[in-house]
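Enquirer: After the structure tokens below, expect a handful of questions from me.
Protein chains: 2
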Amino acid sequence: MSVETLSGQSEKAYALLKEDAQKILKLIEVQMANLTMPQCPLYEEVLDTQMFGLSREIDFAIRLNLIKEEDGKELLGKLERQLSALHEASLRRQ
Amino acid sequence: MSVETLSGQSEKAYALLKEDAQKILKLIEVQMANLTMPQCPLYEEVLDTQMFGLSREIDFAIRLNLIKEEDGKELLGKLERQLSALHEASLRRQ
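These protein sequences, in sequence, are chains A and B.
Throughout the first sequence, residue numbering follows the numbering used here, covering 1 to 94 in sequence.
Throughout the second sequence, residue numbering follows the numbering used here, covering 1 to 94 in sequence.
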């Protein structure tokens, strides 16, 4: 595969993954704004399922050599840090 | 992107998705062989989460133009049919 072609697909893949991570963050923000209980099991379940979905996408992109393993881990790690910051902020408001 | 390059990545993407569908089928077969209750909520939850993960991968491959939307739907549909055949067979054994 030519370098330009691979990097084009890689950029697109990475952009899509970041977009999906943002969607999860938005979803959780909306949930937190509307539910007062982040300890709610339903909240945990939605979050776990969404994180699992994103991790499957990232793993798929890695297996297709579209993104580097470390970039995938970093993307997931960043989202986890953002989510836990949200969670803590919401606990402080209670 | 050249036709050969795109089709190479597409074939790889499709092969990975089929592999993942097979893994879900195996996982459920093992679960059914070891648990006697396919009505168990835990079973449903594992299955839903796995199917969600696969559908995220398929959607991602469609958005990258690696596979056709209809092929993705067919792959997921086929797995669903195989799983429900498994489920019915297991109910008959009870």
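Note that the Cβ used here is the ideal one computed from N, Cα and C, for glycine as well.
Remember, it's a predicted structure, so these values are computed and weren't measured experimentally.
Let me check understanding here. Comparing Cα to Cα, which of A:Q9, A:L75, A:R63 lies closest to A:D20?
Expert: Checked all of A:Q9, A:L75, A:R63; the closest Cα to A:D20 is A:L75.
Enquirer: What is the rounded straight-line gap between the Cα of A:I67 and the Cα of B:I62?
Expert: Distance between the alpha carbons of A:I67 and B:I62: 17 Å.
Enquirer: Write down the C-beta distance between B:G77 and B:I58 rounded to the nearest angstrom, noting that I regard them as a contact closer than 8 Å.
Expert: Between B:I58 and B:G77 the Cβ distance is about 11 Å, and since that is not below 8 Å, they are no contact.
Enquirer: Rounded to the nearest angstrom, how far is the Cβ of B:M32 from that of B:L86, given a contact under 8 Å?
Expert: At roughly 6 Å, the Cβ-Cβ gap stays under 8 Å, so B:M32 and B:L86 are in contact.
Enquirer: Can a CB atom of chain B be found closer than 7 Å to the CB of A:A85?
Expert: No, A:A85 does not count as interfacial toward chain B.
Enquirer: Kindly give me the distance between the Cβ atoms of B:Q82 and B:L25, rounded to whole angstroms, as I take these residues to be in contact under 8 Å.
Expert: About 6 Å separates the two Cβ atoms, so the contact holds.
Enquirer: Compare the C-beta of A:A13 with all C-beta atoms of chain B and state if any pair is closer than 7 Å.
Expert: Yes, A:A13 lies at the interface with chain B (some Cβ there is under 7 Å from its Cβ).
Enquirer: Select from A:R93, A:E88, A:R56 the residue whose C-alpha is nearest the C-alpha of B:L16.
Expert: Out of A:R93, A:E88, A:R56, A:R56 has the C-alpha closest to the C-alpha of B:L16.
Enquirer: Tell me whether A:K18 sits in a helix, a strand or coil according to DSSP, three-state version.
Expert: If DSSP states are grouped into helix, strand and coil, A:K18 belongs with the helices.
Enquirer: If you run the structure through DSSP and keep just helix, strand and coil, what is A:N34?
Expert: Helix.
Enquirer: Would A:L64 pass as an interface residue toward chain B - the criterion being a Cβ-Cβ separation below 7 Å?
Expert: Output row for A:L64: interface = yes.
Enquirer: Would you identify the three-state DSSP class for B:K26, choosing helix, strand or coil?
Expert: Of the three classes helix, strand and coil, the one that applies to B:K26 here is helix, per DSSP.
Enquirer: Among B:L54, B:F60, B:E69, B:L91, which one has its Cα closest to the Cα of B:E80?
Expert: The shortest Cα separation from B:E80 among B:L54, B:F60, B:E69, B:L91 belongs to B:L54.
Enquirer: Rounded to whole angstroms, what's the CA-CA distance from A:E69 to A:S7? Just pull it up for me.
Expert: So the alpha carbons of these two residues sit roughly 15 Å apart.
Enquirer: For A:G53, return the contacting residues in chain B, with the cut-off set at a CB-CB distance below 7 Å.
Expert: What A:G53 touches in chain B: F52, G53, R56.
Enquirer: How big is the Cα-Cα spacing for A:V30 and A:E11?
Expert: Roughly 29 Å separates the two Cα atoms.
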